[in-house]
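Chemist:
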């Protein structure tokens, strides 16, 4: 057995061995041992005395080591423990201070466990129990800081539950954030005023002001380009995307949200205006794809049946309504960036309106003249009308095959009008 028994496990093993040895001595030589005349047990007693002395010496060394460790920990605690000035810094600084307190609590608990072990060993060896005033002083100071700063940790833990939410989900539930702020406003009213309650109250007030701007960050109308502009406006890290955006990301830049509420309003108004114009252009394109003529049958003098256009008023009014829609977009302050598309449609609709007027006139005259020439009247003009008749029936055949209002082959109108 080693003469240096320092650990608790070694101490326990030795004490069990010591109890067993003493029991064997008392059992084997009870009378002689009591009378003090036993020589066989002398070596054993000397051994026991030596081991007890070694253990006491180790306890004294451990007391000195514990005192040194406590002084070092207390010195670091006094140097780096959070100051009231920390409460004037940002949330990250406050949270770092709380982490420092929790870290020192763990280290202090290890010291406390070592002290309890040493006090137990002193009692076993009938040694005077040492005082550790530094440990007692640090314990009181640490508890005071924990009681003060734990309030902010509670505030942050509740806030973090909301912060972890995906923004695309949470943006429709921001009332939960408002409820959280209201609850803490009421809680702070019920607590004694302190540096910490003042700090939390400041955060609550800032978040309330930020909450007013969250409606401009919802972004249902924002395109990808608008979102990139919003991220730049709020100073969010490069690479931020809507897919990975959390409510906590917006909390981090809450000061930028407050400072840029007017810019966010403007961005949303522009996005809404641009969406309105885009939807109008899409509606116009859909109209062009779906607008059709209403046709009816006309019996040609040669016996064939030709489909001709009827309800001209409805077709012409449909075009004019679409022109009015396009003209209404010009009142938008965001119209200019869409002129490459709208100008094309503006020209097409104006042309279509004119061509429908011409087409209506041509068909009306054709229906009037076709029976006349079909009966052989005006033979001197028969060949010219025959060419016009053939071309016009080709156009009508195309219209009857497609029905589309925008199908009219505009290039023929000059020729028809001339004829």
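Numbering (UniProt numbering), first residue to last: 1 to 419. Virtual Cβ for every residue (Gly too), placed ideally from N, Cα, C. Model, not experiment: these values are computed from the prediction.
Write down every uninterrupted run of the beta strand (DSSP E) in the region 299–334 whose length is 3 residues or greater and which is fully enclosed by it, in chain order.
Modeler: 305–310
Chemist: Three or more beta-carbon pairs under 8 angstroms between the region 201–219 and the region 243–262, yes or no?
Modeler: yes
Chemist: Can you give the Cα-Cα distance for residue 304 and residue 324, rounded to whole angstroms?
Modeler: In this structure, the alpha-carbon of residue 304 lies about 40 angstroms from that of residue 324.
Chemist: Please classify residue 446 as buried or exposed, where buried requires at least 16 neighbouring CB atoms within 10 angstroms.
Modeler: Because the chain here runs from 1 to 419, residue 446 falls outside it and cannot be looked at.
Chemist: Only counting the same chain, and skipping five residues up and downstream in sequence, which positions put a Cβ closer than 8 angstroms to that of residue 320?
Modeler: 353
Chemist: Can you check which of these residues, 307, 298 and 56, is closest to residue 371 by C-alpha distance?
Modeler: 298
Chemist: Contact between the region 212–221 and the region 129–145 is defined here as three or more beta-carbon pairs at a separation below 8 angstroms; is this criterion met?
Modeler: no
Chemist: Does the Cβ of residue 199 have 16 or more other Cβ atoms within 10 Å, making it buried, or fewer, making it exposed?
Modeler: With 16 or more other Cβ atoms within 10 Å, it is buried.
Chemist: Mind checking who residue 295 pairs with in its DSSP beta bridge?
Modeler: 309
Chemist: Among 113, 102, 111 and 57, which residue has its Cα nearest to the Cα of residue 127?
Modeler: Out of 113, 102, 111 and 57, 57 has the C-alpha closest to the C-alpha of residue 127.
Chemist: Can the beta-carbon of residue 132 be found closer than 8 angstroms to that of residue 67?
Modeler: yes
Chemist: State the DSSP-derived secondary structure class of residue 166, mapped to helix, strand or coil.
Modeler: For residue 166, the secondary structure class from DSSP, reduced to helix, strand or coil, is strand.
Chemist: Using the C-alpha atoms, what's the distance from residue 240 back to residue 165?
Modeler: About 16 angstroms.
Chemist: Is it true that the region 223–238 meets the region 174–183, where meeting means three or more beta-carbon pairs spaced less than 8 angstroms apart?
Modeler: no
Chemist: Under DSSP, the alpha helix (DSSP H) around residue 355 begins and ends at which residues?
Modeler: 339–374
Chemist: For residue 422 and residue 162, what's the separation of their Cα atoms in angstroms?
Modeler: Limits of the chain in this structure are 1 at one end and 419 at the other, which puts residue 422 out of reach.
Chemist: For residue 226, which beta-bridge partners are listed by DSSP?
Modeler: Per DSSP, none; premise fails for residue 226.
Chemist: Compare the C-alpha of residue 248 against each of 347, 380 and 157 and name the closest.
Modeler: Measuring from the Cα of residue 248, the nearest candidate turns out to be 157.
Chemist: Scan the region 82–108 and note each continuous alpha helix (DSSP H) run of 4 residues or more that stays entirely inside, going in chain order.
Modeler: none
Chemist: Please state if the CB of residue 306 and the CB of residue 296 are separated by a distance shorter than 8 angstroms.
Modeler: no
Chemist: Is the beta carbon of residue 118 closer than 8 angstroms to that of residue 63?
Modeler: Yes.
Chemist: Measure the beta-carbon distance from residue 326 to residue 346 and round it to whole angstroms, keeping in mind my assumption that it falls under 8 angstroms.
Modeler: 6 angstroms
Chemist: Hey, out of 155, 401 and 77, whose CA is closest to residue 294's CA?
Modeler: Of the listed residues, the one whose Cα sits closest to residue 294 is 401.
Chemist: Whose CA, out of 367, 100 and 93, lies closest to the CA of residue 79?
Modeler: 100
Chemist: Taking 6 angstroms as the limit between beta carbons, can you name the residues of its chain near residue 271, skipping five residues before and five after?
Modeler: 221, 222 and 226
Chemist: Please report how far the alpha carbon of residue 114 lies from the alpha carbon of residue 53, in whole angstroms.
Modeler: 21 angstroms
Chemist: Evaluate residue 392 with the Cβ neighbour count: other Cβ atoms within 10 Å of its Cβ, from every protein chain shown; 16 or more gives buried, anything less gives exposed.
Modeler: Around the beta carbon of residue 392, 16 or more other beta carbons lie within 10 angstroms, which makes this residue buried.
Chemist: Give me, in chain order, the residues of the same chain whose beta-carbon lies closer than 7 angstroms to that of residue 341; leave out the 5 immediate sequence neighbours on both sides.
Modeler: 281
Chemist: Just to confirm my understanding: we take residue 50, look at its own chain, exclude 5 residues before and 5 after, and list those with CB closer than 6 angstroms. What are they?
Modeler: none
Chemist: On a Cα-Cα basis, can you pick out the residue from 182, 83 and 106 that is closest to residue 94?
Modeler: Of the candidates 182, 83 and 106, the one whose C-alpha sits nearest the C-alpha of residue 94 is 83.
Chemist: Return yes when the Cβ of residue 104 is within less than 8 angstroms of the Cβ of residue 77, no when it is not.
Modeler: yes
Chemist: For residue 311, which residues from the same chain have a beta carbon less than 6 angstroms from its beta carbon, with the 5 sequence-adjacent residues on both sides left out?
Modeler: 294
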